[in-house]
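Student:
In the UniProt record's numbering, the protein residues as written are 1 to 184.
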C-alpha cells in the first residue's frame with residue numbers, strides 16, 4: 001500500500017509541476033505520466049482520467065489547507081500573527097498546490113471552489129480571533145498582497161523569493177495598530 005501511495009503522490013507532484021511550469025493545457029495524461037516517470041497505463045491505474053487527477057489535486061490541497069489552518073490555530077502568537085508571518089512564497093507543498101489550483105481555476109470551477117474554501121476558512125479564523133468581519137477581511141487582503149508580492153519577487157531562474165521590500169514583522173506591527181485591543 002505504501003508503494004501505491006508513493007506512486008500516487010509522485011503522479012500528483014508531476015501534475016502540479018506541469019501546471020505550475022507549463023500551464024493547464026500541458027497537463028495531458030501522457031505528459032503527466034512522462035513527468036512522473038511511469039507509463040500512461042500506470043498513471044491510469046492510479047487516476048482513471050485527467051478529471052481524477054484534478055480531483056486528486058483538490059483533495060491534496062484540502063488536506064494541506066486543513067494542516068495550515070490547524071498550525072495557525074495552534075500558534076501561540078495567534079492566527080493573525082501566524083498568517084502574516086507565513087504570507088510569503090516559501091516553495092513548499094502548500095504553495096505548490098495553491099499555485100497549481102490557481103492555474104486550474106482558469107478553467108475548472110472545482111479548483112476555484114477549493115481556493116474559496118481555504119480563503120473562507122481563513123477569514124473565519126481571523127474573524128473569530130478579531131471579532132470584526134471587516135478587520136478580518138482587511139488582514140486577509142494584506143496577507144494576499146504580501147504573498148502576491150513575494151511571488152513577483154521570485155527570480156525566473158529560482159524558486160527562492162527575494163525578500164519583500166517591507167519585512168513581515170514591520171507589516172505585522174502596522175496590522176497590530178489596526179486591531180483595537182489585542183488579547184494575544
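Backbone N, C-alpha and C fix where the C-beta goes; we use that ideal spot for every residue, glycine too.
(1) Contact defined as beta carbons within less than 8 Å: I believe residue 121 pairs with residue 69. What is the distance between those atoms, to the nearest angstrom?
(2) Would residue 47 and residue 41 qualify as a contact pair, given that the criterion is a beta-carbon distance under 7 Å?
(3) Does residue 73 come out as helix, strand or coil in the three-state DSSP assignment?
(4) Can you tell me whether residue 148 is buried or exposed, with buried defined as 16 or more other CB within 10 angstroms of its CB?
(5) What are the boundary residues of the alpha helix (DSSP H) that residue 125 is part of?
(6) Quick check on DSSP: helix, strand or coil for residue 153?
(7) Under 7 Å Cβ to Cβ from residue 123, same chain only, skipping five residues before and after it: list those, please.
(8) Taking the alpha-carbon positions, what's the residue 15 to residue 64 distance?
(9) Output the distance between the C-alpha atoms of residue 28 and residue 178, rounded to the nearest integer angstrom.
Tutor: Once the coordinates are examined:
(1) The residue labelled residue 121 in the question sits at position 121 within the chain shown. The residue labelled residue 69 in the question sits at position 69 within the chain shown. At roughly 6 Å, the Cβ-Cβ gap stays under 8 Å, so residue 121 and residue 69 are in contact.
(2) As a first step, residue 47 must be located in the chain shown, where it is residue number 47. As a first step, residue 41 must be located in the chain shown, where it is residue number 41. No, the pair does not count as a contact, with Cβ atoms beyond the cut-off.
(3) Taking the chain shown and counting its residues from 1, the one referred to as residue 73 is at position 73. Residue state, collapsed to three classes: helix.
(4) Against the chain shown, residue 148 aligns to sequence position 148. Answer is exposed; the Cβ neighbour count stays below 16.
(5) Translated into the one-based positions of the chain shown, residue 125 becomes position 125. Start and end: 109-130.
(6) On the chain shown, residue 153 is found 153 positions in, with the first residue counted as 1. Looking at residue 153 - three-state DSSP - the assignment turns out to be coil, as it is neither helix nor strand.
(7) Mapped onto the chain shown, residue 123 falls at position 123. In the same chain as residue 123, and ignoring 5 residues on each side of it, the C-beta atoms closer than 7 Å to its own belong to 136, 137, 140, in chain order.
(8) Working through the chain shown from its first residue, we reach residue 15 at position 15. Working through the chain shown from its first residue, we reach residue 64 at position 64. In a straight line, the C-alpha of residue 15 is about 16 Å away from that of residue 64.
(9) Within the chain shown, the letter at position 28 stands for residue 28. Within the chain shown, the letter at position 178 stands for residue 178. Roughly 47 Å separates the two Cα atoms.
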